[in-house]
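Numbering (UniProt numbering), first residue to last: 1 to 251.
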């Protein structure tokens, strides 16, 4: 069994999400072959050298899961793209490129965070290209810690304000971009997060039936996609206990 989650936006101000995640790690994820976290794991990340005690506790929890035998994979999101190899080494996880094609029970599956699919949001795409430039990343990682924290607060504030003002279709994926990138990587299944709109979309790629699975964000409830030899099942679970409370959607 393989589990995929995204968009937890972990922060000290949301102890309910933190507790649910720690329960998820100690219970359900322990029986998984692998856990994939597809971005926006943390609400903000200003550098591996600036780990708070709270973030270190999350790192240690991931390490415990990894040491128990579950492979852990982490992908950058738009909130935590400064996570680096130091954190991954301490957490016992592998940092995945966005996008990545992974074999799930004999099928190549495309994994992405999902923000790069929102090409109609031209202002964000310009900012994304700038922030992900290797030179910009080097500069950001070498700024004083106080400057990084101030910049992170500014970016979060601006992002929230702009998202409220933008049309829903602008902040969702671009319909034409989905089949384009799936054809580029030669896959029939795409899994991503970012949009906070959990769903399973049936697609047609040429003559082939395909699907796009959108992982849900953790807010009032958690979301996980379970993959095994019988197929894929997307379902939500209650924060009180990480047992499934909504029927999954078998594919």
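For every residue, glycine included, the Cβ atom is placed at its ideal position computed from N, Cα and C.
- A distance below 8 Å separates the beta carbons of residue 198 and residue 214.
- Under the three-pair Cβ rule at 8 Å, the stretch 33-46 counts as touching the stretch 71-78.
- One alpha carbon belongs to residue 105, the other to residue 145, and they sit about 43 Å apart.
- Linking residue 11 to residue 44 through their CA atoms gives a straight-line distance of about 8 Å.
- For residue 100, the uninterrupted beta strand (DSSP E) run begins and ends at 100-104, by DSSP.
- Separation of the CB atoms of residue 221 and residue 237 is rounded to 6 Å, and the pair is thereby assigned contact status at 8 Å.
- Straight across, the Cα-Cα distance linking residue 196 with residue 7 is about 8 Å.
- By the C-beta density criterion, residue 27 is exposed, having fewer than 16 other C-beta atoms within 10 angstroms.
- Three or more beta-carbon pairs separated by less than 8 Å are not found between the stretch 92-102 and the stretch 46-54, which leaves the two stretches without contact.
- In the three-state reduction of the DSSP assignment, residue 184 falls in the helix class.
- Exposure of residue 207 is indicated by the presence of fewer than 16 other C-beta atoms within 10 angstroms of its C-beta.
- The beta-bridge partner set that DSSP reports for residue 223 consists of 236.
- Remark: C-beta atoms of residue 66 and residue 92 approach each other more closely than 8 Å.
- Note that the C-beta distance between residue 173 and residue 108 is not below 8 Å.
- Residue pairing from DSSP places residue 231 in a beta bridge opposite 228.
- In terms of Cβ geometry, residue 110 and residue 190 form a close pair [threshold 8 Å].
- Contact annotation: residue 142 and residue 192 have beta-carbon atoms that are not nearer than 8 Å.
- In this chain, the alpha helix (DSSP H) harbouring residue 58 covers 53-68.
- Going by DSSP, residue 75 is part of the beta strand (DSSP E) stretching over 71-75.
- Between residue 17 and residue 223, the gap from beta carbon to beta carbon reaches 8 Å or more.
- Looking at the DSSP output, residue 195 sits in no beta bridge, so it has no partner there.
- Judged by DSSP secondary structure, residue 94 falls within the beta strand (DSSP E) whose first and last residues are 93-96.
- One alpha carbon belongs to residue 20, the other to residue 239, and they sit about 5 Å apart.
- Between residue 84 and residue 40, the gap from beta carbon to beta carbon reaches 8 Å or more.
- Burial of residue 218 is indicated by the presence of at least 16 other C-beta atoms within 10 angstroms of its C-beta.
- In the DSSP assignment, residue 83 falls outside any beta strand (DSSP E) and carries neither an H nor an E.
- Residue 90 sits in a helix when the DSSP states are folded into three classes.
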